[in-house]
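Reading through the structure tokens given below for one structure.
Number of protein chains: 2
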Amino acid sequence: MAETARRPDHRYGNRPTMKDVAARAGVGLKTVSRVVNGEPGVTPDTERRVREAIQALGFRRNDSARVLRKGRTASVGLVLEDLADPFYGPLSRAVEEVARAHGALLINGSSAEDPDREQELALALCARRVDGLIVIPAGDDHRYLEPEMRAGVATVFVDRPAGRIEADTVLSDSFGGARAGVAHLVAHGHRRIGFVGDRPRIHTAAERLRGYRAAMEDAGLPVDDAWVSLGSTEPARVRDAVAAMLAGPEPVTALFAGNNRVTVTAVRELAGRTRPVALVGFDDIELADLLGITVIAQDAAALGRTAAQRLFRRLDGLHEEPRRVELATRLVPRGSGEIPPA
Amino acid sequence: MAETARRPDHRYGNRPTMKDVAARAGVGLKTVSRVVNGEPGVTPDTERRVREAIQALGFRRNDSARVLRKGRTASVGLVLEDLADPFYGPLSRAVEEVARAHGALLINGSSAEDPDREQELALALCARRVDGLIVIPAGDDHRYLEPEMRAGVATVFVDRPAGRIEADTVLSDSFGGARAGVAHLVAHGHRRIGFVGDRPRIHTAAERLRGYRAAMEDAGLPVDDAWVSLGSTEPARVRDAVAAMLAGPEPVTALFAGNNRVTVTAVRELAGRTRPVALVGFDDIELADLLGITVIAQDAAALGRTAAQRLFRRLDGLHEEPRRVELATRLVPRGSGEIPPA
DNA sequence: TAGGCCCTGGACAACGTTGTCAGGGGCGTG
DNA sequence: CACGCCCCTGACAACGTTGTCCAGGGCCTA
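As given, the protein sequences belong to chains F and U, one line each in that order.
The first sequence begins at 1 in UniProt numbering and counts up by one.
The second sequence begins at 1 in UniProt numbering and counts up by one.
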């Protein structure tokens with residue numbers, strides 16, 4: 001039979017389309033489009049008929065199709081390390097608020113600190129044709145984004161710089177913060193200060209280590225290799241590292257912790273000891289005030305906000321050299337950093 | 001001139017399309033599609049030519065267009081309250097992991113506890129044609145989702161039940177948790193126990209209050225209206241509430257805090273006092289172990305994981321009555337809940 | 001050697017929307 | 001009364017992809 005009705009091959013569970021609405025309202029397709037988009041040039045009476053049909057059918061515009069036609073998706077992507085980390089929640093939220101103010105949705109993904117996964121995610125977002133991309137790098141080579149950026153995907157890197165590529169970047173002053181934190185310990189009389197940090201291929205970790213070394217050098221203090229421990233932030237590893245620095249005949253009298261996770265574990269480890277050990281941690285932590293933990297605080301929300309604002313300025317057509325912004329950190333003394341050497 | 005070339009009206013910053021790739025490789029459009037999608041029926045030699053062209057042009061498939069054709073977007077939406085809240089970060093991350101295992105992306109949105117914003121977000125996600133939707137309700141009427149659900153959008157509610165609509169729901173046992181927490185205080189000798197909670201229109205807040213009352217009644221204890229305070233979780237309000245309960249001739253000797261934010265503020269307020277007051281809080285908190293805060297812990301990640309698994313089972317075609325799952329809570333004694341009455 | 005089958009490749013329509021353009025009707029003005 | 005203008009309205013193409021279907025060529029078999 002020649003007339004087997006040509007049935008569409010999928011249909012979203014049979015959602016009504018503008019065509020259906022048009023048929024029901026007895027108007028043209030384009031008129032429905034006009035009503036839905038609030039475009040002028042529709043009689044109040046026609047508009048009412050269309051709205052009734054929309055109601056009756058439960059029609060909702062398919063933004064996927066719209067995107068295809070318009071070329072902008074009104075969405076931005078955010079690739080971060082781990083949404084469950086209390087540092088990234090506020091950052092993501094800040095990005096979301098800026099996006100919302102610009103009428104855009106946010107798609108985020110966690111790289112779990114895996115460069116391959118970062119790339120996979122970022123490219124998947126590009127395939128979705130996000131208008132812009134904010135990336136907290138896990139890897140150190142971002143040339144894979146070059147074609148995307150050339151094709152017009154605005155891209156901003158946050159928290160850590162991009163690798164082998166020029167792009168807008170928003171950072172915290174890790175070097176300066178760590179230097180100030182260690183100097184604070186020095187000022188309170190410490191001469192043997194330990195540093196427990198994350199893997200040094202992570203830019204912030206390397207910078208903080210550099211800040212530590214700079215502060216020690218500023219004070220004319222030597223740095224014993226045994227005082228420096230870099231590696232994963234696994235609690236077990238950090239505990240071992242702390243324990244090692246506190247053992248032996250010449251133990252450290254103070255610790256600088258390279259990020260929030262290290263700080264938490266270090267506090268737990270120190271809590272079990274009798275001899276007081278001074279501690280300054282990078283990143284603020286909830287309840288740190290009650291525990292009296294001195295920290296170098298960075299403003300995660302400000303990082304996200306700044307990056308997002310930059311992104312949307314690019315999307316609004318800003319055309320200038322990529323810029324690198326460093327946000328200041330803040331020393332918050334709360335007791336643990338003011339303990340004198342034992 | 002009749003021949004002014006018809007220029008496309010937008011172009012994504014001029015991204016190459018399959019057509020461009022086909023032209024460059026000297027093959028047909030569909031052949032490119034086959035290569036990109038790993039479909040069979042392409043000679044190795046042809047495939048190589050296509051891949052070279054893709055490389056040379058920096059082509060990346062436009063998933064927006066793909067979605068339009070295929071009907072599935074491979075993305076799910078999550079509407080939560082506030083991504084910056086340490087409770088929701090892990091929940092969102094757990095959803096993301098399940099989605100990733102199913103090859104889907106996650107689009108997040110924060111409702112800021114505003115029902116209108118919740119609706120706006122959820123419907124925007126539907127317009128993007130997410131395959132499924134996970135909602136942590138801010139409002140108490142979700143009939144607006146009925147057309148969407150009928151149209152095939154799988155929907156699961158988490159943490160709080162849906163309002164005026166039947167749908168899959170995953171909850172923590174707020175009632176039982178609060179009841180157990182208050183019973184714990186009673187077991188340690190307390191008879192005057194205060195309850196500081198969130199606004200009662202929030203389902204979990206109401207349930208926890210109910211649990212509190214049940215535990216008091218179980219123990220045959222009266223509840224003075226002055227011991228119950230419900231309202232925003234603003235620190236100022238919570239501090240005032242706590243202060244009020246501790247003032248007067250017959251102050252409470254123990255407090256039950258209705259959620260993580262209340263707990264944090266209560267701990268801060270109690271820290272400034274000399275007379276010890278027992279405290280049990282709902283939700284676990286980072287570092288609560290060090291501060292010795294006894295809590296009723298709920299597993300945010302398990303909530304998210306369970307909900308997401310349910311969602312994808314629906315997407316895989318599961319067809320059965322909506323189900324309501326309640327996850328158990330866990331009492332974690334750490335000291336503050338075991339303080340005897342002063 | 002003819003017939004049939006498989007393998008490769010391409011033309012075409014369709015997904016649901018928006019931009020362009022042209023037509024028709026009403027109304028004001030000369 | 002006629003002309004022209006403006007306001008509504010709808011037909012049509014296009015966005016970039018995938019599903020369907022058909023054509024051509026090579027190879028195997030009878």
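Just so it is clear, CB atoms sit at the ideal spot from N, CA and C, and this is done for glycine as well.
Measuring alpha carbon to alpha carbon, tell me which residue in U/Ala167, U/Val158, U/Asp131 is nearest U/Tyr144.
As a first step, residue 144 of chain U must be located in the second sequence, where it is residue number 144. Ranking the options by Cα distance to U/Tyr144, first place goes to U/Ala167.
For F/Ile107, which residues in chain U fall below 9 Å Cβ to Cβ?
To locate residue 107 of chain F, count along the first sequence from 1; it is residue 107. Identification of chain U residues near F/Ile107 by a Cβ-Cβ cut-off of 9 Å yields Ser75, Leu105, Leu106, Ile107, Asn108, ordered along the chain.
CB residue 346 of chain F to CB F/Asp131, shorter than 8 Å?
Past the boundaries of the shown model lies residue 346 of chain F; chain F is included only from 1 to 342, so the question cannot be answered.
Please classify U/Glu217 as buried or exposed, where buried requires at least 16 neighbouring CB atoms within 10 angstroms.
Your numbering for residue 217 of chain U matches position 217 in the second sequence. With fewer than 16 neighbouring CB atoms inside 10 Å of its own CB, U/Glu217 falls in the exposed class.
Nearest residue (CA-CA) to F/Pro86, options F/Thr294, F/Arg305, F/Gly335, F/Ile285:
Walking along the first sequence from the start, residue 86 of chain F turns up at place 86. Ranked by Cα distance from F/Pro86, the first of F/Thr294, F/Arg305, F/Gly335, F/Ile285 is F/Ile285.
One or two residues paired with F/Gly281 in a DSSP bridge:
Against the first sequence, residue 281 of chain F aligns to sequence position 281. Answer by DSSP bridge pairing, in chain order: F/Ala257, F/Val295.
State yes or no: is the C-beta of F/Asn197 within less than 8 Å of the C-beta of F/Arg208?
Indexing the first sequence from 1 puts residue 197 of chain F at position 197. Indexing the first sequence from 1 puts residue 208 of chain F at position 208. First, the residue type needs correcting, since residue 197 of chain F is Gly and not Asn in the sequence shown. Result yes, Cβ atoms of F/Gly197 and F/Arg208 sit closer than 8 Å.
Beta-carbon proximity list for U/Asp289, same chain, < 7 Å, skipping 5 on both sides
By 1-based counting over the second sequence, the position of residue 289 of chain U is 289. Correct list, in chain order: Arg334.
Using a Cβ-Cβ cut-off of 6 Å (strictly less than) and excluding sequence neighbours within five positions of U/Ala215, which residues of its own chain qualify?
Along the second sequence, read from residue 1 onward, the residue named residue 215 of chain U stands at position 215. Excluding residues within five positions, the ones whose Cβ falls inside 6 Å are Arg179, Val182, Ala183.
Which partner residues of U/Thr155 appear in the DSSP bridge assignment?
Taking the second sequence and counting its residues from 1, the one referred to as residue 155 of chain U is at position 155. Its beta-bridge partners are U/Leu133.
Give me the chain U residues within the contact set of F/Arg129, using Cβ-Cβ distance strictly less than 8 Å, ordered along the chain.
If you number the first sequence from 1, residue 129 of chain F lands on position 129. For F/Arg129, the residues of chain U that pass the 8 Å Cβ criterion are Tyr12, Asn62, Asp63, Ser64, in the order they occur in the chain.
Complete runs of the beta strand (DSSP E) confined to the segment 100-145 of chain F [at least 3 residues]:
Counting only runs of 3 or more, we get 105-110, 132-135.
For F/Ala84, would you say it is in contact with chain U, using Cβ-to-Cβ distances shorter than 8 Å as the test?
As a first step, residue 84 of chain F must be located in the first sequence, where it is residue number 84. Taking Cβ atoms only, chain U reaches closer than 8 Å to F/Ala84, which makes this a yes.
Mind checking who U/Asp168 pairs with in its DSSP beta bridge?
One-based indexing of the second sequence puts residue 168 of chain U at position 168. DSSP lists U/Val156 as the bridge partner or partners of U/Asp168.
U/Leu83 to U/Asp316, Cα distance in whole Å?
If you number the second sequence from 1, residue 83 of chain U lands on position 83. If you number the second sequence from 1, residue 316 of chain U lands on position 316. When rounded, the distance between both Cα atoms is 28 Å.
Name, going along the chain, the residues of the segment 268-282 of chain F whose beta-carbon falls closer than 7 Å to a beta-carbon of chain U.
Under the 7 Å Cβ criterion, the segment 268-282 of chain F contributes Arg268, Ala271.
What's the C-alpha gap between U/Arg275 and U/Phe256?
Here the question's residue 275 of chain U lines up with position 275 in the second sequence. Here the question's residue 256 of chain U lines up with position 256 in the second sequence. Distance between the alpha carbons of U/Arg275 and U/Phe256 is about 17 Å.
Are the beta-carbon atoms belonging to F/Leu106 and F/Ala112 less than 8 Å from one another?
The residue given as residue 106 of chain F occupies position 106 in the first sequence. The residue given as residue 112 of chain F occupies position 112 in the first sequence. Not closer than 8 Å, so no.
Hey, F/Gly58 and U/Pro147 are a contact pair by Cβ (cut 8 Å); roughly how many whole angstroms apart?
Against the first sequence, residue 58 of chain F aligns to sequence position 58. Against the second sequence, residue 147 of chain U aligns to sequence position 147. F/Gly58 to U/Pro147, Cβ: 3 Å. Contact.
Under the DSSP definition of a beta bridge, which residues are partnered with U/Phe195?
By one-based count along the second sequence, residue 195 of chain U stands at place 195. Answer by DSSP bridge pairing, in chain order: U/Val228, U/Phe256.
Closer than 9 Å between beta carbons: that is the criterion. Which residues of the segment 216-249 of chain F meet it against chain U?
Across the segment 216-249 of chain F, no CB contact with chain U closer than 9 Å is found for any residue.
Along the alpha helix (DSSP H) that carries U/Val182, what are the first and last residues, could you check?
To locate residue 182 of chain U, count along the second sequence from 1; it is residue 182. Per DSSP, U/Val182 belongs to the alpha helix (DSSP H) from 174-187.
Is F/Glu250 helix, strand or coil by DSSP?
Here residue 250 of chain F corresponds to residue number 250 of the first sequence, with the count starting at 1. F/Glu250: coil per DSSP, three-state reduction.
Run through DSSP, which three-state label would U/Gly77 get?
Within the second sequence, residue 77 of chain U is the residue found at index 77, counting from 1. Looking at U/Gly77 - three-state DSSP - the assignment turns out to be strand.
Cutting at 7 Å between CB atoms, please list the residues of its own chain near F/Gly292, excluding the five before and the five after it.
As a working note, residue 292 of chain F is residue 292 in the first sequence. So the qualifying residues of the chain are Arg334, Gly335, Ser336.
Tell me whether the segment 120-137 of chain U and the segment 117-135 of chain F touch, counting them as touching only if at least three CB pairs, one residue from each stretch, are closer than 8 Å.
Not touching, per the Cβ criterion.
Starting from F/Arg313 and walking both ways along the alpha helix (DSSP H), at which residues does that stretch end?
To locate residue 313 of chain F, count along the first sequence from 1; it is residue 313. Its alpha helix (DSSP H) spans residues 300-315.
Using CA coordinates, which residue listed in F/Arg66, F/Ser64, F/Arg72, F/Ala22 is at the minimum distance from F/Glu52?
Residue numbering aside, residue 52 of chain F sits at position 52 when the first sequence is read from its first letter. Taking F/Glu52 as reference, the option from F/Arg66, F/Ser64, F/Arg72, F/Ala22 with the minimal CA-CA separation is F/Ala22.
Using the beta-carbon of each residue, which ones in chain F are nearer than 8 Å to U/Arg15?
Position 15 of the second sequence, counted from the first residue, corresponds to residue 15 of chain U. Within 8 Å Cβ-Cβ: Ala151, Gly152.
Can you find a C-beta in chain U that's less than 8 Å from the C-beta of F/Ile285?
Indexing the first sequence from 1 puts residue 285 of chain F at position 285. Nearest CB-CB separation between F/Ile285 and chain U: below the 8 Å threshold.
Give every residue of the same chain whose Cβ lies closer than 8 Å to the Cβ of F/Arg61, excluding the five residues on either side of it in the sequence, and list them in chain order.
Here residue 61 of chain F refers to the residue found at position 61 when the first sequence is read from its first residue. Correct list, in chain order: Met18, Val36.
At least 3 beta-carbon pairs within less than 8 Å: the segment 229-238 of chain F vs the segment 263-272 of chain F:
Using a Cβ-Cβ distance cut-off of 8 Å, the segment 229-238 of chain F and the segment 263-272 of chain F are in contact, since at least three pairs of beta carbons, one from each stretch, lie closer than that value.
Please confirm if F/Val67 has its CB atom under 8 Å from at least one CB of chain U.
As a first step, residue 67 of chain F is located in the first sequence; it is residue number 67 there, counting from the start. At a cut-off of 8 Å between C-beta atoms, F/Val67 counts as an interface residue with respect to chain U.
Can you tell me whether U/Pro340 is buried or exposed? The criterion is at least 16 other CB atoms within 10 Å of its CB, across all chains shown.
Taking the first residue of the second sequence as position 1, residue 340 of chain U is located at position 340. U/Pro340 is exposed by the Cβ-count criterion.
Bridge partners for U/Val332 per DSSP, in chain order?
Translated into the one-based positions of the second sequence, residue 332 of chain U becomes position 332. DSSP links U/Val332 through a beta bridge to U/Val295.
Measuring only between beta-carbons, confirm whether F/Ser92 sits less than 8 Å from chain U.
Reading the first sequence from its first residue, position 92 is the one you call residue 92 of chain F. By the rule that beta-carbons nearer than 8 Å mark a contact, F/Ser92 touches chain U.
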